Amino acid sequence: MNMQQPIILTDKDEEFLEKEKQRAENNRKKNKPILVITYFMVAVFVSMMAYVVYFMQFKASTVIANSRNGRQNSFAEVVERGDIITSDGVVIATSSTDEEGNTTRSYPYNNMFAHVVGYDSYGKTGLELQANFYLLRSHINIFERVYREFKEEKNRGDNVITTVDFKLQEAAYNALGGCNGAVIVMEPSTGRILCMVSKPDYNPNDIDNVWAYLHSDEGSESTVLLNRATQGLYAPGSTFKVVTLLEYIRENPYDYDLYEYDCSGSEIYAGVNIHCYDSTAHGHESLADSLAYSCNSSFANIGMGLDFGSYNETANELLFNSELPYEGEFNSSYFEITAESPRDAMPQTAIGQGETRITPLHNLMIVSAIANGGQLMKPYLIDSIENDDGATIKTFKGKSYGNLMTAEEAAILKEYMKGVCDYGTAARFFSGASYDVAGKTGTAEYDNEGNCNSWFIGFSNPDNPDICVSVVVEDYNSNGVSATGVAKSVFDAYYNR
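Okay, so the sequence shown: first residue is 1 according to my numbering, each after it adds one.
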């Protein structure tokens with residue numbers, strides 16, 4: 001029987017094995033950083049490949065569609081820009097291409113849609129900029145596409161169907177007349193913008209001459225290209241009393257409705273003389289009456305009792321001093337009262353004067369949130385994209401920004417704003433109307449000589465709001481056109497269609 005003999009290691013063998021073991025350990029330590037780097041590079045490579053796949057699948061079209069992406073303009077070499085169409089089927093911007101391949105952009109209604117549609121040269125503005133990607137894409141059927149390419153003709157671009165209502169736009173444009181100012185209308189439950197008018201305006205069909213005028217000495221200070229609806233910054237006047245009222249309700253949740261005030265027509269607060277419109281003495285008032293009659297003295301009194309820091313927080317929650325949830329061009333509103341502000345800054349601020357500035361778009365957002373139970377829907381202008389045959393390519397839906405206030409706060413403000421139109425400063429405009437309105441009027445001074453702008457914000461059918469309106473009319477003293485009257489024309493057009 002054969003048996004394995006045990007291996008006997010000499011001292012020299014053991015010394016050799018120990019050295020080999022040490023060498024292996026040293027190599028392992030030296031290779032560890034290399035392995036870490038290798039694994040890291042593999043992970044980076046896998047992540048990059050995964051992101052490329054994700055980007056191509058989900059993000060590429062979004063990046064190309066960004067209005068700031070200059071790549072879009074190259075599409076115009078092979079695509080004739082599509083039409084821009086109102087929600088009720090009216091073409092408000094269109095293109096035509098001659099036999100030599102030169103494309104001309106035209107605007108059938110001249111000035112009426114100038115700021116909402118914009119122009120397609122010297123840079124782009126309005127929907128021409130916002131919807132540029134969609135207008136320069138073509139989804140015509142494959143046979144027509146091949147036929148056009150064979151003839152070396154441009155393909156017809158897709159059409160942009162807007163949320164804008166032609167009848168409301170026309171009514172607002174005519175109601176504003178020759179006055180400077182802005183009108184903007186929105187569905188509070190969806191965020192669909194139904195109307196956007198800004199004056200002074202211009203004719204986009206004549207943009208070459210407009211551009212030349214603006215770059216001349218005579219026209220260097222002209223603001224015809226400024227979209228006042230989204231970029232015009234104004235003192236909000238008494239429309240801001242809605243914000244002051246909200247803060248007062250928040251600071252006095254259990255007894256706000258017990259507020260009383262005796263108005264003598266004027267009062268001095270922190271050394272600042274506050275007087276009501278035409279120095280009218282409103283007498284004994286409740287909180288509801290103070291808003292309905294737009295009593296400056298009462299709201300200055302309310303303001304002096306507010307917590308300055310909390311007031312600032314409420315204003316910021318209502319999107320002052322911040323970006324607005326809107327994809328077009330806009331300016332941010334600002335509110336400057338803070339916990340450190342001097343007391344003499346409050347009387348004017350509480351009534352919508354002082355250093356506060358707001359755009360008609362932002363004022364519309366605030367009143368829309370009130371109408372919609374505290375929730376703000378993001379305003380938008382593009383309803384859908386269709387190809388040249390009328391087939392829907394893409395649709396857009398309303399998205400919620402979130403709550404600017406609680407549903408309970410919105411309900412309280414809504415009831416108080418009904419009083420403005422039922423028996424207060426707007427009653428003479430809406431008495432006898434076939435619809436109900438909740439709103440707030442405003443008269444905002446813009447200099448020390450008593451010159452002012454006229455404001456109105458509000459919504460119709462308060463129990464189940466249909467539309468919200470924000471109107472500002474500049475130089476009310478000289479033209480006598482009330483923003484409330486302009487809003488009335490818009491509401492009439494909506495309900496009398």
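Note that beta-carbon positions come from the ideal geometry of N, C-alpha and C, so glycine has one too. Predicted, not measured: the structure shown is a model, and the values here were computed from it.
Looking at Leu127 and Ile84, is the spacing between their C-beta atoms short of 7 Å? The sequence position of residue 84 within the sequence shown is 84, counting from 1. The sequence position of residue 127 within the sequence shown is 127, counting from 1. Going by C-beta atoms, Ile84 is nearer than 7 Å to Leu127.
Burial state of Phe133, where buried means 16 or more other Cβ atoms lie within 10 Å: Position 133 of the sequence shown, counted from the start, is the residue given in the question as residue 133. Label assigned to Phe133: buried.
Does DSSP classify Gly485 as helix, strand or coil? If you number the sequence shown from 1, residue 485 lands on position 485. Residue state, collapsed to three classes: helix.
Who are the Cβ neighbours of Leu245 in its own chain at under 7 Å, not counting the five residues just before and after it? Mapped onto the sequence shown, residue 245 falls at position 245. Here the set comprises Leu291, Leu413 and Tyr416.
Kindly indicate which three-state DSSP category Gly439 falls into: helix, strand or coil? Here the question's residue 439 lines up with position 439 in the sequence shown. Three-state result, Gly439: strand.
Specify whether the segment 232 to 242 and the segment 351 to 367 touch according to this definition: at least 3 beta carbon pairs, one from each stretch, less than 8 Å apart. yes
For my contact list, Pro108 and Arg228 are in at a C-beta cut-off of 8 Å; report their separation, rounded to the angstrom. For this step, residue 108 is matched to residue 108 along the sequence shown. For this step, residue 228 is matched to residue 228 along the sequence shown. Rounded, the Cβ-Cβ distance is 23 Å, inconsistent with contact.
Tell me whether Ala281 sits in a helix, a strand or coil according to DSSP, three-state version. Position 281 of the sequence shown, counted from the start, is the residue given in the question as residue 281. Three-state result, Ala281: coil.
Am I right that Val437 and Ser460 are in contact with their C-beta atoms under 8 Å? What's the rounded C-beta distance? Position 437 of the sequence shown holds residue 437. Position 460 of the sequence shown holds residue 460. Their Cβ separation, rounded to whole angstroms, is 5 Å, which keeps Val437 and Ser460 in contact under 8 Å.
Can you grab the Cα-Cα spacing for the pair Glu221 / His282, in whole Å? Start at 1 with the first residue of the sequence shown, and residue 221 comes out as number 221. Start at 1 with the first residue of the sequence shown, and residue 282 comes out as number 282. In this structure, the CA atom of Glu221 is about 42 Å from the CA atom of His282.
Just how far apart, CA to CA, sit Ser294 and Asn312? Working through the sequence shown from its first residue, we reach residue 294 at position 294. Working through the sequence shown from its first residue, we reach residue 312 at position 312. Taking the straight line joining both Cα atoms gives about 22 Å.
Give the DSSP bridge partners of Tyr334, in chain order. For the purposes of this step, residue 334 is identified with residue 334 of the sequence shown, where counting begins at 1. DSSP, once it has assigned bridges, lists Arg357 as partnering Tyr334.
Length of the line joining the Cα atoms of Val185 and Asp255: Residue numbering aside, residue 185 sits at position 185 when the sequence shown is read from its first letter. Residue numbering aside, residue 255 sits at position 255 when the sequence shown is read from its first letter. One C-alpha to the other measures close to 35 Å.
Can the beta-carbon of Gly178 be found less than 7 Å from the beta-carbon of Val79? What you label residue 178 is simply residue 178 of the sequence shown in a count that begins at 1. What you label residue 79 is simply residue 79 of the sequence shown in a count that begins at 1. Result no, Cβ atoms of Gly178 and Val79 do not sit closer than 7 Å.
Contacts around Glu247, its chain only, beta-carbon distance under 7 Å, and the 5 residues preceding and following it disregarded: For this step, residue 247 is matched to residue 247 along the sequence shown. If we look at Glu247 and ignore the five residues flanking it on each side, its Cβ neighbours are Leu306, Ser310, Tyr311 and Thr314.
Checking 7 Å against the spacing of the C-beta atoms, do Thr484 and Phe429 come in under that value? The sequence position of residue 484 within the sequence shown is 484, counting from 1. The sequence position of residue 429 within the sequence shown is 429, counting from 1. Thr484 is a Cβ neighbour of Phe429, given a cutoff of 7 Å.
For Ala493, collect the residues of the same chain with a Cβ closer than 7 Å to its Cβ; drop the 5 residues on either side in sequence, then sort them by chain order. As a working note, residue 493 is residue 493 in the sequence shown. Contacts found: Lys167, Leu168 and Ala171.
Do you know whose CA, among Arg357, Ile358, Leu376 and Thr356, lies nearest Met365's CA? Sequence index remark: in the sequence shown, residue 365 carries index 365 (1-based). Ranking the options by Cα distance to Met365, first place goes to Leu376.
The segment 368 to 383 / the segment 182 to 198 touching (three or more Cβ pairs under 8 Å): yes
So which of Ile92, Asn159 and Glu336 has the shortest CA-CA distance to Phe320? Numbered from 1 along the sequence shown, position 320 holds the residue referred to as residue 320. Considering only alpha carbons, the answer is Glu336.
Would the C-beta of Pro347 count as close to the ligand FMN, meaning under 6 Å from any of its heavy atoms? Here there are no bound small molecules, and the ligand FMN is not part of this structure.
What residue range is occupied by the uninterrupted beta strand (DSSP E) comprising Gly181? The residue you call residue 181 lines up with position 181 of the sequence shown. From DSSP, the beta strand (DSSP E) with Gly181 extends over Gly181 to Met186.
Alpha carbon of Tyr334 to alpha carbon of Glu355, nearest angstrom: Along the sequence shown, read from residue 1 onward, the residue named residue 334 stands at position 334. Along the sequence shown, read from residue 1 onward, the residue named residue 355 stands at position 355. When the Cα atoms are used, Tyr334 and Glu355 turn out to be separated by approximately 8 Å.
Might you give, ordered along the chain, the residues of its own chain that have their beta carbon closer than 8 Å to the beta carbon of Met586, omitting 5 neighbours on each side? The chain is shown only over 1 to 497; residue 586 falls outside these bounds and no answer can be derived.
Thinking just about the alpha-carbon of each residue, which of Tyr119, His362, Thr103 and Pro253 is nearest to the one in Asp208? Within the sequence shown, the letter at position 208 stands for residue 208. Nearest C-alpha to Asp208: Tyr119.
Could you pull the DSSP bridge partners for Thr97 from this structure? As a first step, residue 97 must be located in the sequence shown, where it is residue number 97. Its beta-bridge partners are Thr103.
Since Val472 is in the alpha helix (DSSP H), which residue starts that stretch and which ends it? Position 472 of the sequence shown, counted from the first residue, corresponds to residue 472. It is not in any alpha helix (DSSP H) - Val472 instead sits in the beta strand (DSSP E) that spans Cys468 to Val473.
Please confirm whether Gly265 and Ser286 have their CB atoms less than 7 Å apart. Looking up residue 265 in the sequence shown gives position 265. Looking up residue 286 in the sequence shown gives position 286. Their beta carbons are not under 7 Å apart, which means Gly265 does not touch Ser286 by this criterion.
What first and last residue would you give for the beta strand (DSSP E) that runs through Gly89? What you label residue 89 is simply residue 89 of the sequence shown in a count that begins at 1. For Gly89, no beta strand (DSSP E) segment is defined, and its DSSP state is neither H nor E.
Judging by CA-CA distance, which residue of Met112, Lys399 and Ala410 is the nearest neighbour of Asn174? The residue labelled residue 174 in the question sits at position 174 within the sequence shown. Nearest of Met112, Lys399 and Ala410 to Asn174, Cα basis: Met112.
Just how far apart, CA to CA, sit Phe55 and Phe45? Sequence index remark: in the sequence shown, residue 55 carries index 55 (1-based). Sequence index remark: in the sequence shown, residue 45 carries index 45 (1-based). Reliability fails at Phe55, whose pLDDT of 42 lies under 50, so the model's placement of it is uncertain and the value that follows must be treated cautiously. Straight-line Cα distance between these residues: approximately 15 Å.
Give the DSSP-derived three-state secondary structure of Tyr202 in the structure shown. To locate residue 202, count along the sequence shown from 1; it is residue 202. Three-state DSSP puts Tyr202 in coil, outside helix and strand.
When you compare only the Cα positions, how much space is there between Gly89 and Ala426? As a first step, residue 89 must be located in the sequence shown, where it is residue number 89. As a first step, residue 426 must be located in the sequence shown, where it is residue number 426. Looking at the two C-alpha atoms, the distance is approximately 34 Å.
Report all residues from its chain with a CB closer than 6 Å to the CB of Gly82; omit the five preceding and five following residues, and keep chain order. For the purposes of this step, residue 82 is taken as residue 82 along the sequence shown, with counting starting at 1. Contacts found: Leu135, Gly157, Asp158 and Asn159.
In the structure shown, what three-state DSSP assignment does Ala391 receive? Here residue 391 corresponds to residue number 391 of the sequence shown, with the count starting at 1. Note: Ala391 maps to coil in three-state DSSP.
According to DSSP, is Asn132 helix, strand or coil? The residue you call residue 132 lines up with position 132 of the sequence shown. Three-state result, Asn132: helix.
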